[in-house]
Each structure stands twice: as C-alpha cells, then as structure tokens.
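*Asks:* Just so we're on the same page, the working numbering is the position in the sequence shown counted from 1, plus 627.
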Amino acid sequence: TEAIRRRDEEEQVFLDCPSMDNFINFQKANAKSKKELSKKKKSGWSRFCENLAPRTPISIIWKSFNRFRGSFSCNNCPSSNDSRIWLDDFLDKLAPPFVPSESCFPSSAPASPSYDPLDEPFSFDEISSILDGVKDSSPGIDGISYSFIKKLSDSSKLILLSIINKIYETGTVPDSWKH
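1. What does the alpha-carbon distance come out to for the pair residue 775 and residue 801?
2. What are the boundary residues of the alpha helix (DSSP H) that residue 671 is part of?
3. Keeping to the same chain, check which residues put their C-beta closer than 7 Å to that of residue 667; ignore five residues upstream and five downstream.
4. Can you grab the Cα-Cα spacing for the pair residue 660 / residue 750, in whole Å?
5. Classify residue 680 as buried or exposed, calling it buried when 16 or more other Cβ atoms lie within 10 Å of its own Cβ.
6. Helix, strand or coil: how does DSSP classify residue 761 here?
7. Going by CA-CA distance only, name the one from 684, 662 and 691 that's closest to residue 673.
8. Return helix, strand or coil for residue 743, following the three-state DSSP convention.
9. Given a threshold of 16 other Cβ atoms within 10 Å of its Cβ, counted over all protein chains shown, does residue 656 qualify as buried or as exposed?
Right, here's the structure in full:
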C-alpha cells in the first residue's frame, strides 16, 4: 500500500541520513502504516469469518487464525545466542548514530568541595530502587520502554547510571533529549 511504501522510504531516508527530524518522520509514517494495516487486518478477518463453511478444513482455519493473530516464523530474528552476530544492530537501536557521544558533553570544571548529600552522584541502589517503582508507559521518541530498561543487566544499568551522573554533574542535557 501507499502507507507502507511511504514508511519504507522514510526509513531509508533515516538510515541514509540519521537525524532527529528524519527519525520523527519515519516514526509518523510507521504509525500511519500500522493503523492502515490494522484496519485491513480487521476487514480481512471479517471477510474470512463470513466465508467460513462447515466443510472448511481445520488446518485452513488454524493457519488463518495464526496469520491474523500475528504468529509467524521470524526470518530476521537472531537465530543465535552469539552476541557478536546481533550486537551491533541492537546497539544501533539502543543508541542510534544521532545520539551524541560522550565527547559532546562539556567536561566538568573543578568545583569547590560540597558536603551536601544531595550533590552526590546517584548510586546503583538508587537507580535500582527507582526502576523497581516505575510503571511502564508509552516509550518516548527513542522507542525504549521502562520495562526494557528494568530488564537491563547490572553492567548495562551501570553504564546508564554513568550517563545520568555525567549529565547531573555537568548540568548539560543533550538537545536531542529535550524533545
């Protein structure tokens, strides 16, 4: 359909030139195509049900049921537990190329010593406690939900904690995170 073609074009534009605007355009086109596919799926299911007959083979019914339900065998899914095969693709989704690198953050100027406990960096226990109490909600523009972050390994949570503490320490939030 036109919506799928548009989504694929926007995805290619984003992949060729990763930017926040191209990502937003891709997300909008993706949402529109999902909505259109959902409508087509609903009308297809109605047509299928209307055309059922007492002699319809059960295998046809189950095959159609699974197709409409969304059960499929994934050819693009990682077929290996070897992280070297799928890790780069995963990391590009977690931190797309347009996410600023650590060098984009200004280095912190030496500050006078502070003894206020509120000025201390966040601890691993604090971030763990926060994540335990967070309820899942719609993901932001990055597409990452709280449930995904909750399931990160401890080493990944430590990296996230390091980024959060760097932002807190410098007082500088990357512009791309302010949307």
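We treat Cβ as the ideally placed atom computed from N, Cα and C, and that holds for glycine.
*Replies:* Once the coordinates are examined:
1. 22 Å
2. 647–677
3. none
4. In this structure, the alpha-carbon of residue 660 lies about 42 Å from that of residue 750.
5. Residue 680 is exposed by the Cβ-count criterion.
6. coil
7. 691
8. Assigned with DSSP and collapsed to three states, residue 743 falls in coil, not helix or strand.
9. buried
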